[in-house]
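Structure first, commentary second.
In the numbering used here, the protein residues as written are -5 to 181.
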């Protein structure tokens, strides 16, 4: 009987020891879902756009960082230009990341973070490919087309401010010289 009790205690200690030691580290993403209309209203930035480019932006503890440049077609609020850059983490299935493909059309919800505008897999971003007409109608209703007015468009030939200052200074010096060194007319 003494050996069976000893073996039982040893088995219990082994089971406790094995259950305490982590065998592998896993990542998991858990998002609190809201309805789409609330998510659009609560986001700091809400746009509909097409992916112009996707570049890697370093890697962190959650995965590979991405910088996606968007050609903005419509927005919930006014945006400063027709292109926006938004940071994200590449989706690996367990990190709440999101990956965008070149020339895909999406509704993207973002917030202002440490790297500028950021988004993730929990932000209820939607690919607009016609597969969910009801959601796409709700998105279209929440957004207004982006128009870049003349004040927001860049000049085709920007003139640096120091160059303007030099031109004005040269003009003033020329006028003063003209007045100071003019010849009196011969009578």
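Backbone N, C-alpha and C fix where the C-beta goes; we use that ideal spot for every residue, glycine too. Just so we're clear, the structure is a prediction, and the values are computed from it rather than from any experiment.
Query, Result
"Does the separation of the CB atoms of residue 197 and residue 42 fall below 8 Å?", "The structure shown does not extend to residue 197, since the chain spans only -5 to 181, so no value can be given for it."
"Among 75, 72, 91 and 35, which has the Cα closest to the Cα of residue 59?", "91"
"Give a yes or no on contact between the segment 74 to 82 and the segment 25 to 35, applying the rule of three or more CB pairs nearer than 8 Å.", "no"
"Could you please give me the residues that DSSP links to residue 182 through a beta bridge?", "Look at the range of the chain in this structure, -5 to 181, and you will see that residue 182 is not part of it."
"Quick check: the segment 86 to 101 against the segment 37 to 51, are there 3 or more CB pairs under 8 Å?", "yes"
"If you draw a straight line from the alpha carbon of residue 149 to that of residue 76, how long is it in whole angstroms?", "In this prediction, residue 149 has a pLDDT of 46, which is less than 50 and means its spatial position is unreliable; nothing more can be read from the coordinates."
"Closer than 6 Å by C-beta to residue 40: which residues in its own chain qualify, once you throw out the five before and the five after it? Chain order, please.", "34, 70 and 103"
"By how many angstroms is the C-alpha of residue 74 removed from the C-alpha of residue 168?", "41 Å"
"Leaving out five residues before and five after residue 162 in sequence, what residues of the same chain have Cβ atoms less than 8 Å from its Cβ?", "none"
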